[in-house]
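First the structure, in the form of structure tokens, and then the observations on it.
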Amino acid sequence: MVKIFVTRNLPGEAIAKLKKKHTVQIYPKDKVIPRKKLLKGVKWCDVLLCLLTDKIDKEVIDANPNLKMISNYAVGFNNIDVKYATEKGIPITNTPGQAIVDAVAEHTFALMLAVSKRVVEADTFTRKKKYRGWSPTLLMGTELTGKTLGIIGLGRIGTGVAERAGHGLGMKVIYHDVRRDKKFEKKYKAQFVPLNKLLKNSDFITLHVPLLKSTRHLIGAKELKMMKKTSFLINTSRGPVVDEKALVSALKKRQIAGAGLDVYEFEPKLAPGLTRLQNVVLTPHIASATIEARSEMAWDAVNNILAVLSGKKAAKTVNPEVYKKNNK
Ligand code: NAD
187 MVKIFVTRNL PGEAIAKLKK KHTVQIYPKD KVIPRKKLLK GVKWCDVLLC LLTDKIDKEV
247 IDANPNLKMI SNYAVGFNNI DVKYATEKGI PITNTPGQAI VDAVAEHTFA LMLAVSKRVV
307 EADTFTRKKK YRGWSPTLLM GTELTGKTLG IIGLGRIGTG VAERAGHGLG MKVIYHDVRR
367 DKKFEKKYKA QFVPLNKLLK NSDFITLHVP LLKSTRHLIG AKELKMMKKT SFLINTSRGP
427 VVDEKALVSA LKKRQIAGAG LDVYEFEPKL APGLTRLQNV VLTPHIASAT IEARSEMAWD
487 AVNNILAVLS GKKAAKTVNP EVYKKNNK
């Protein structure tokens with residue numbers, strides 16, 4: 187029997203499947219596991235099932251020289267020192283299933299529509315009993331139809347957003363990525379553009395890159411200045427991709443029209459002044475929080491573990507080079 191440590195209880199039935207075959211210990215409280223308990227759990231287990239809120243650095247990895255694998259319950263894996271784990275021969279897996287693509291793509295539109303059509307402002311206005319009757323100019327917003335959507339990072343989620351934008355809303359799609367995808371361009375009549383052109387020409391810009399050294403502050407003061415005054419920025423990727431202080435300043439000065447954010451540079455902390463702005467819609471990192479996606483993620487995290495324990499390579503391995511390294 188293998189010992190599996192889970193840093194927080196997960197929704198759905200997947201963990202029950204692990205329990206049938208293995209010894210599973212779950213941190214019982216519904217909050218981020220304290221560092222000491224995390225280290226203790228890692229020392230005890232053979233396999234770690236962790237979340238994006240758990241920092242899996244050298245100290246954690248070194249706490250157990252026999253750790254067989256790390257199964258991350260998330261698509262992003264910037265919470266893990268992947269380079270060090272790879273050096274130590276530890277496979278890391280993530281959970282990029284179709285349900286999470288759908289959930290995050292839909293949430294991107296929830297933010298886009300909410301901020302451009304001023305849904306949150308309008309809801310507050312109505313609840314405060316300020317509605318005195320129809321007016322031609324009351325809470326006017328902006329339409330998505332016919333507008334240019336600039337997608338930065340055309341991977342699984344970026345593509346899901348493009349599909350919905352082009353086919354559902356009649357938006358013109360332009361994109362920027364480190365890789366060009368000509369098939370996609372043909373299928374969606376999308377255009378590949380350099381980053382500065384995307385910033386200058388988009389009415390809505392949506393970020394779908396992973397958090398890497400090269401994507402930290404990809405959008406800062408300089409980039410925000412290049413955007414149209416009437417444009418909106420949407421971020422459902424990772425907070426540090428945007429310089430949040432610079433964004434607050436741009437929103438305050440109305441250098442851009444608005445923003446929709448699900449992730450924050452120092453989350454759960456927010457940049458000073460962000461919550462006082464009317465032209466921003468904020469959600470607490472819930473883009474993947476649908477019953478469908480969270481349950482699929484739990485199954486993926488569990489199936490990744492079962493694959494590795496049965497001697498196979500998990501389909502969703504983020505450091506496949508580890509298998510070449512020492513045949514794990
Ligand atoms: P993916 O790996 O399929 O796609 C990422 C894309 O970004 C790739 O096409 C890659 O080439 C591109 N890219 C990398 N560096 C770039 C750069 N410097 N400039 C332009 N493009 C670059 O990932 P995905 O499944 O689409 O997920 C994207 C990100 O969304 C994840 O890494 C994760 O951080 C985030 N995410 C957030 C939530 C949430 O709840 N808010 C949920 C799931 C995923």
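FYI, in our numbering the residues of the sequence shown are 187 to 514.
The C-beta atom is built at its ideal place from N, Cα and C for all residues, glycine as well.
Remember, it's a predicted structure, so these values are computed and weren't measured experimentally.
>> Within 10 Å of its beta-carbon, does residue 522 have 16 or more other beta-carbons around it, so buried, or fewer, so exposed?
In response: Absent from the structure is residue 522, since the part of the chain shown begins at 187 and ends at 514.
> By how many angstroms is the C-alpha of residue 497 removed from the C-alpha of residue 514?
Replying inline: In the sequence shown, counting from the first residue as 1, residue 514 sits at position 328. In the sequence shown, counting from the first residue as 1, residue 497 sits at position 311. Unreliable positioning characterises residue 514 in this predicted model, as indicated by a pLDDT of 44, which lies under 50. The coordinate reading is nonetheless provided below. One C-alpha to the other measures close to 8 Å.
>> In this structure, how does DSSP classify residue 490 when only helix, strand and coil are distinguished?
In response: If you number the sequence shown from 1, residue 490 lands on position 304. DSSP places residue 490 in helix when its eight states are reduced to three.
>> I'd like the list of long-range same chain contacts for residue 416, defined as Cβ closer than 6 Å, with 5 residues on each side in sequence excluded.
In response: The residue you call residue 416 lines up with position 230 of the sequence shown. Non-local C-beta neighbours of residue 416 in its own chain, meaning closer than 6 Å and more than five positions away in sequence, comprise 443, ordered along the chain.
> Where in the region 407 to 437 do unbroken runs of the alpha helix (DSSP H), each at least 4 residues long, occur, reported from the N-terminal end onward?
Replying inline: With a minimum length of 4 residues, the continuous alpha helix (DSSP H) runs that stay inside the region 407 to 437 are 407 to 412.
> Can you tell me the Cα-Cα spacing of residue 336 and residue 379, whole angstroms?
Replying inline: Reading the sequence shown from its first residue, position 150 is the one you call residue 336. Reading the sequence shown from its first residue, position 193 is the one you call residue 379. The alpha-carbon atoms of residue 336 and residue 379 are separated by roughly 9 Å.
> Cα separation between residue 246 and residue 234?
Replying inline: Taking the sequence shown and counting its residues from 1, the one referred to as residue 246 is at position 60. Taking the sequence shown and counting its residues from 1, the one referred to as residue 234 is at position 48. Their backbone Cα atoms lie some 10 Å apart in a straight line.
> Assuming residue 279 and residue 503 make a contact with CB atoms under 8 Å, what is their CB distance in whole Å?
Replying inline: Here residue 279 corresponds to residue number 93 of the sequence shown, with the count starting at 1. Here residue 503 corresponds to residue number 317 of the sequence shown, with the count starting at 1. So it is a contact: roughly 5 Å between Cβ atoms.
> Since residue 421 contacts residue 449 with CB under 8 Å, what's their CB separation in whole angstroms?
Replying inline: Here residue 421 refers to the residue found at position 235 when the sequence shown is read from its first residue. Here residue 449 refers to the residue found at position 263 when the sequence shown is read from its first residue. Contact holds; Cβ gap of about 6 Å.
>> Mapping the DSSP letters down to three states, classify residue 295 as helix, strand or coil.
In response: Working through the sequence shown from its first residue, we reach residue 295 at position 109. The three-state secondary structure of residue 295, taken from DSSP, is helix.
> Between the C-alpha atoms of residue 492 and residue 200, what's the straight-line distance to the nearest angstrom?
Replying inline: Locating residue 492 in the sequence shown gives position 306, counting from the first residue. Locating residue 200 in the sequence shown gives position 14, counting from the first residue. Approximately 11 Å between the Cα atoms of the pair.
> Which partner residues of residue 359 appear in the DSSP bridge assignment?
Replying inline: One-based indexing of the sequence shown puts residue 359 at position 173. Per the DSSP secondary-structure output, residue 359 pairs in a beta bridge with 335.
> Cα separation between residue 383 and residue 217?
Replying inline: Here residue 383 refers to the residue found at position 197 when the sequence shown is read from its first residue. Here residue 217 refers to the residue found at position 31 when the sequence shown is read from its first residue. Cα to Cα, residue 383 sits roughly 43 Å from residue 217.
> By DSSP, does residue 321 sit in helix, in strand, or in coil?
Replying inline: As a working note, residue 321 is residue 135 in the sequence shown. In the structure shown, residue 321 sits in coil (DSSP, three-state: anything other than H, G, I, E or B).
> What's the gap between the Cα of residue 194 and the Cα of residue 241?
Replying inline: For the purposes of this step, residue 194 is taken as the residue at position 8 of the sequence shown. For the purposes of this step, residue 241 is taken as the residue at position 55 of the sequence shown. Rounded to whole angstroms, residue 194 to residue 241 spans 14 Å at the Cα level.
>> With a threshold of 7 Å on Cβ separation, who are the neighbours of residue 507 within its own chain once the five nearest residues in sequence on each side are excluded?
In response: Locating residue 507 in the sequence shown gives position 321, where the first residue counts as 1. Sequence-distant Cβ neighbours of residue 507 in its own chain, meaning closer than 7 Å and more than five residues away, are 272.
> Counting only runs that start and end within the region 346 to 401, where is the beta strand (DSSP E) found for 3 or more residues in a row?
Replying inline: For the region 346 to 401, whole beta strand (DSSP E) runs of length 3 or above, ordered along the chain, are 358 to 362 and 390 to 393.
> Under the rule that 16 or more other beta-carbon atoms within 10 Å means buried, what is residue 318, buried or exposed?
Replying inline: The residue given as residue 318 occupies position 132 in the sequence shown. Residue 318 should be labelled exposed.
>> For residue 224, report the span of its alpha helix (DSSP H) as first-last.
In response: As a first step, residue 224 is located in the sequence shown; it is residue number 38 there, counting from the start. Annotation: the continuous alpha helix (DSSP H) that includes residue 224 extends over 221 to 230.
>> On the CB-based measure, 16 or more other CB atoms within 10 Å of its CB, does residue 353 come out buried or exposed?
In response: In the sequence shown, counting from the first residue as 1, residue 353 sits at position 167. When all chains shown are included, residue 353 counts as exposed.
> What is the residue span of the alpha helix (DSSP H) that residue 189 lies within?
Replying inline: On the sequence shown, residue 189 is found 3 positions in, with the first residue counted as 1. Segment 189 to 192 is the beta strand (DSSP E) holding residue 189; no alpha helix (DSSP H) there.
>> So the candidates are 424, 486 and 381; which of them puts its Cα closest to the Cα of residue 402?
In response: Numbered from its first residue, the sequence shown carries residue 402 at position 216. Ranking 424, 486 and 381 by Cα distance to residue 402 puts 424 first.
> Is residue 506 near the ligand NAD, judged by its Cβ being under 7 Å from some heavy atom?
Replying inline: Stepping through the sequence shown from its first residue, residue 506 is reached at position 320. For residue 506, the shortest C-beta to heavy atom distance toward the ligand NAD is 7 Å or greater.
>> For residue 518 and residue 269, what's the separation of their Cα atoms in angstroms?
In response: For residue 518 there is no data in the structure shown, the boundaries of the chain being 187 and 514.
>> I'd like the list of long-range same chain contacts for residue 328, defined as Cβ closer than 6 Å, with 5 residues on each side in sequence excluded.
In response: Locating residue 328 in the sequence shown gives position 142, counting from the first residue. Beyond the five residues adjoining it in sequence on each side, residue 328 comes within less than 6 Å, by CB distance, of 302 in the same chain, given in chain order.
>> When you measure from the CB of residue 286 to every non-hydrogen atom of the ligand NAD, does any distance come out below 7 Å?
In response: Walking along the sequence shown from the start, residue 286 turns up at place 100. Yes, since a heavy atom of the ligand NAD falls inside the 7 Å radius drawn around the Cβ of residue 286.
> Between residue 252 and residue 232, what straight-line distance do the alpha-carbon atoms span, to the nearest angstrom?
Replying inline: If you number the sequence shown from 1, residue 252 lands on position 66. If you number the sequence shown from 1, residue 232 lands on position 46. If you take the alpha carbons of residue 252 and residue 232, they lie about 7 Å apart.
> I think residue 347 touches residue 291, with their Cβ atoms under 8 Å apart; what is that distance to the nearest whole Å?
Replying inline: Counting from 1 along the sequence shown, the entry for residue 347 is found at position 161. Counting from 1 along the sequence shown, the entry for residue 291 is found at position 105. That belief holds up - the Cβ atoms of residue 347 and residue 291 are roughly 5 Å apart, short of 8 Å.
>> Here's a check: name, in chain order, each residue in its chain whose Cβ is nearer than 6 Å to the Cβ of residue 283, leaving out the five neighbours to either side.
In response: By 1-based counting over the sequence shown, the position of residue 283 is 97. Excluding the 5 residues flanking it on each side, residue 283 has same chain C-beta neighbours closer than 6 Å at 482 and 486, in chain order.
> Between residue 401 and the ligand NAD, is the CB less than 7 Å from at least one heavy atom?
Replying inline: Counted from its first residue, the sequence shown places residue 401 at position 215. At least one heavy atom of the ligand NAD is nearer than 7 Å to the Cβ of residue 401, so yes.
> Taking just the CA atoms, how far does residue 249 sit from residue 203?
Replying inline: In the sequence shown, counting from the first residue as 1, residue 203 sits at position 17. In the sequence shown, counting from the first residue as 1, residue 249 sits at position 63. Here the alpha carbons of residue 249 and residue 203 stand approximately 27 Å from one another.
>> Rounding to the nearest angstrom, what Cα-Cα distance links residue 223 and residue 388 in this structure?
In response: In the sequence shown, counting from the first residue as 1, residue 223 sits at position 37. In the sequence shown, counting from the first residue as 1, residue 388 sits at position 202. So the alpha carbons of these two residues sit roughly 46 Å apart.
> Residues in its own chain within less than 7 Å of residue 359 by CB, not counting five upstream and five downstream?
Replying inline: Mapped onto the sequence shown, residue 359 falls at position 173. Correct list, in chain order: 335, 337, 348, 351, 352, 374 and 376.
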